[in-house]
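Undergrad: Chain order of the listed sequences is D and B.
So the first sequence is residues 1 to 336, counted in full-length UniProt numbering.
So the second sequence is residues 1 to 336, counted in full-length UniProt numbering.
For every residue, glycine included, the Cβ atom is placed at its ideal position computed from N, Cα and C.
From a predicted model like this one, the values you see are computed outputs, not experimental measurements.
Number of protein chains: 2
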Amino acid sequence: MAVRDPAMTDVARLAGVSHQTVSRVLNGHPNVREQTRLRVQAAIAELGYRPNRAARALVTGRSQVIGVVAQNTTLYGPASLLAALEQTAAESGFAVSVGSVRDLDHRSISAVVERHLAHRVAGIVVIAPVESAGEALERLPKDVPLVTVDGDPHRPMPLVTVDQAAGARAATQHLLDAGHRTVWHVSGPSDWFDSAGRIEGWRAALTSAGAEIPPLVPADWSAAAGYRCGQMLARMPDVTAVFTANDHLALGVLRALHEHGRRVPDDISVVGFDDVPEAAYFIPPLTTVRPDFGAVARASLEMLLTQIESVSGGALRRTIAPTLVARRSVGPPPRP
Amino acid sequence: MAVRDPAMTDVARLAGVSHQTVSRVLNGHPNVREQTRLRVQAAIAELGYRPNRAARALVTGRSQVIGVVAQNTTLYGPASLLAALEQTAAESGFAVSVGSVRDLDHRSISAVVERHLAHRVAGIVVIAPVESAGEALERLPKDVPLVTVDGDPHRPMPLVTVDQAAGARAATQHLLDAGHRTVWHVSGPSDWFDSAGRIEGWRAALTSAGAEIPPLVPADWSAAAGYRCGQMLARMPDVTAVFTANDHLALGVLRALHEHGRRVPDDISVVGFDDVPEAAYFIPPLTTVRPDFGAVARASLEMLLTQIESVSGGALRRTIAPTLVARRSVGPPPRP
DNA sequence: AAACCGGGTGTGACCGCTAACAGACAGCGA
DNA sequence: TCGCTGTCTGTTAGCGGTCACACCCGGTTT
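1. For residue 243 of chain D, write down the residues that DSSP places opposite it in a beta bridge.
2. Under the rule that 16 or more other beta-carbon atoms within 10 Å means buried, what is residue 212 of chain B, buried or exposed?
3. So which residues on chain B does residue 224 of chain D lean against when the C-beta distance must stay under 8 Å?
4. List the residues of chain D whose Cβ lies closer than 9 Å to the Cβ of residue 227 of chain B, in chain order.
5. Who pairs with residue 317 of chain D in a beta bridge, going by DSSP?
6. Between residue 162 of chain D and residue 205 of chain B, what straight-line distance do the alpha-carbon atoms span, to the nearest angstrom?
7. Going along the segment 238-250 of chain D in order, which residues come within less than 8 Å of chain B, judged by CB to CB distance?
8. Among D/322, D/283, D/46, D/309, which has the Cα closest to the Cα of residue 197 of chain D?
9. Would you mind sorting residue 286 of chain B into buried or exposed? The rule is 16 or more other CB atoms within 10 Å of its CB.
10. For residue 171 of chain B, collect the residues of the same chain with a Cβ closer than 6 Å to its Cβ; drop the 5 residues on either side in sequence, then sort them by chain order.
11. Would you tell me roughly how many angstroms separate the C-alpha atoms of residue 36 of chain D and residue 47 of chain D, rounded to the nearest one?
12. Quick one: what's residue 59 of chain B bridged to in DSSP?
13. Taking the alpha carbon of residue 302 of chain D as the reference point, which residue from D/6, D/57, D/90, D/70 has its own alpha carbon closest?
14. Is the beta carbon of residue 245 of chain D closer than 8 Å to that of residue 342 of chain D?
15. May I have the straight-line CA-CA distance separating residue 277 of chain D from residue 283 of chain D, to the nearest angstrom?
16. Hey, could you find the ends of the beta strand (DSSP E) residue 290 of chain B is sitting in?
17. Applying the 10 Å Cβ sphere with the 16-neighbour rule, what's the burial state of residue 280 of chain B?
18. Can you tell which of B/298, B/336, B/260 has its C-alpha closest to the C-alpha of residue 147 of chain B?
19. Check residue 264 of chain B in the structure and name its three-state DSSP category.
20. DSSP beta-bridge partners for residue 218 of chain B?
21. Since residue 100 of chain D and residue 116 of chain D are thought to touch, with beta carbons under 8 Å apart, how far apart are those beta carbons, to the nearest angstrom?
22. For residue 69 of chain D and residue 113 of chain D, which I take to be in contact (beta-carbon distance under 8 Å), what is that distance rounded to the nearest angstrom?
23. Who are the Cβ neighbours of residue 159 of chain D in its own chain at under 6 Å, not counting the five residues just before and after it?
24. Looking at the structure shown, is residue 32 of chain D part of a helix, part of a strand, or coil, going by DSSP?
25. Can you pull out the residues from the segment 5-20 of chain B whose beta carbon lies closer than 7 Å to at least one beta carbon of chain D?
26. Looking at the unbroken beta strand (DSSP E) that takes in residue 95 of chain D, where does it start and where does it end?
27. Quick one: what's got a C-beta closer than 8 Å to residue 346 of chain B's C-beta in the same chain, skipping five residues either side?
28. Does the beta carbon of residue 334 of chain D come closer than 8 Å to any beta carbon on chain B?
29. Mark residue 180 of chain D as exposed unless 16 or more other C-beta atoms lie within 10 angstroms of its C-beta, in which case mark it buried.
30. Applying a beta-carbon distance threshold of less than 9 Å, which residues of chain D neighbour residue 291 of chain B?
31. Closest to residue 207 of chain B by C-alpha separation, out of B/224, B/51, B/168, B/238, would be which residue?
32. What residue from B/214, B/8, B/202, B/64 has the CA that sits closest to residue 26 of chain B's CA?
33. Establish whether the CB of residue 309 of chain B and some CB of chain D are separated by less than 8 Å.
34. Hey, would you say residue 122 of chain D sits closer than 8 Å to residue 190 of chain D, going by beta carbons?
35. Counting only beta-carbon atoms, is residue 82 of chain D nearer than 8 Å to chain B?
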């Protein structure tokens, strides 16, 4: 029943010009007389004409869509990144199509990438925080613009990443500066590059301060794991400073410490990573490291767009420095 | 330099059939000889052929993409919903294109919807939790399948929504059952339907229990607001039970109570809403109401697909009941 | 005066696919 | 034997844009 949407020829007929002229007006082509342009624009408005992106994508071979591959988009980090990407892309006239994967293995990633390629997306952003994702990407067709975020620093692909090591160094140093003799680290899953970078930064800070390096406390990203690790740490009287790989872990640690009667920051200091909006309302307010997701999104898109627009590549790597946010969960170590 | 992607005709030539037969194989059309089908599939595999969705979208007039309009996708609720939608859509062979808006006013929403329409999306899901969103939707072209989520219950549009009132009733009743004489409520922003529904449920539960209705404590969705409200509530000795409109508010309230030396649940009981993953690790673990985002996503998509596939509409309204998750933040009122 | 230029516009082909129709060929009842 | 079915396949015409090109025309240049 619905009448066919107006097409370019309809606009052209109404304006008394050819469809090509309409196209020129639409694309801001210079050689159109002002008067003609106005006539065409009036016709467009009158008909409520809306250019068909599918047709455009067909003839140009590329749509104005950017495909994103992500996992676990309910976590604060990925969700923020996704939102920032969408925002930034929209400003450049691109739409964003998300493809979530349950696991970051070769099969899942390829499947989603295939889906994006079938839509002839202009470019793809892969949030690839684990090893297995990297492998999947190497086998991909090489003619589609691609940027990885939080991916493998040792792989020769365009990469934008938060400087995890720098953030971790800052966190650890902050604790050392407060007077602690050493700092324990509750880390994220071992196969994530984020984890690896944070561990590396933590070790580096301790090493360069000549501090003893305590054993790593491995966990995942959840508050539940933080709670378990916290229960252990709470029983160790010589632990006075803990740096957790993210804020959720810190939350779990805080609760465990609280239940064991160890006060924060009087007995133990805690620093997190991510600066989730709630971190300021933990008990006590959490000192943490804030990555700039907006900057990551902007850098990714910029890299993608240079790839899309030209053959010559710009920078292949961009690192975004995070900042430390000091709150009340850090204090000097207890006097013995 | 990149060689043109193989098209249907290339596959056809290699398989020694017409492009139309290739199309038939791709679309699972019945009348194709088994042997031919195999030949075509072999050719597809050999060339690495990938059907061009843009071309398909052009000729059919609809792409296999669903447009989503959302605001503030970094919040836990919207992010979960988005992820669930993506997941569900993928299972039906649809991609999801997100369009975030900063504000849910007429202009912003229309702009994003226009963008989706230009792409000829098959349908649109609008997460429209505030009044101003509803107005924008009424002026939209009526021939595009549309579903609103968490929208205005009084507007005659296809709507899927969490049963906010039921959740709030359950939370309030749970506190009353624990022996509290009445329950205070820290509410979300007044222009959100979610807030309104939760307030309504809270009032209803108190009314039907014959309990006194304390003044509403208005806030927004943030932990910061929860903290401010909590500081006030902590100073009122007769407050023994608080129901907050979401878990972040609860977090803020918990901290304020803690700082004022009021123990939870011994002195005051608290119930939240959303069941964010961290709620189990608040101090103390938070009793809360869990909406089923997966169910919301499934219902939305189902409604959208029936609209897409046929003219006759199915149900115009679906309400998803949330469940109460009991944890340690609720106990009996203190003995006077 | 002929040749040249460049701004403004129209013409036709084509992008890769689907829909509608047409044809070939086998089986089968009349 | 002649239709008449039904299965399988090919042919053709678009969908709504962009691109390459041709055209017209007034103003310079040679």
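TA: Concretely, from the data shown:
1. D/185, D/271
2. exposed
3. 280, 281
4. 280, 281
5. D/159
6. 48 Å
7. 248
8. D/322
9. buried
10. 243, 271, 289
11. 17 Å
12. Note: residue 59 of chain B sits in no beta bridge, so no partner.
13. D/90
14. Any answer about residue 342 of chain D is impossible in this case: the structure gives chain D only from 1 up to 336.
15. 14 Å
16. 288-290
17. buried
18. B/298
19. coil
20. B/187
21. That pair is no contact at about 12 Å.
22. 6 Å
23. 148, 151, 317
24. coil
25. none
26. 95-101
27. Residue 346 of chain B is absent from the model: chain B starts at 1 and stops at 336.
28. no
29. buried
30. None at all; the shortest Cβ gap to chain D is about 13 Å.
31. B/168
32. B/8
33. no
34. no
35. yes
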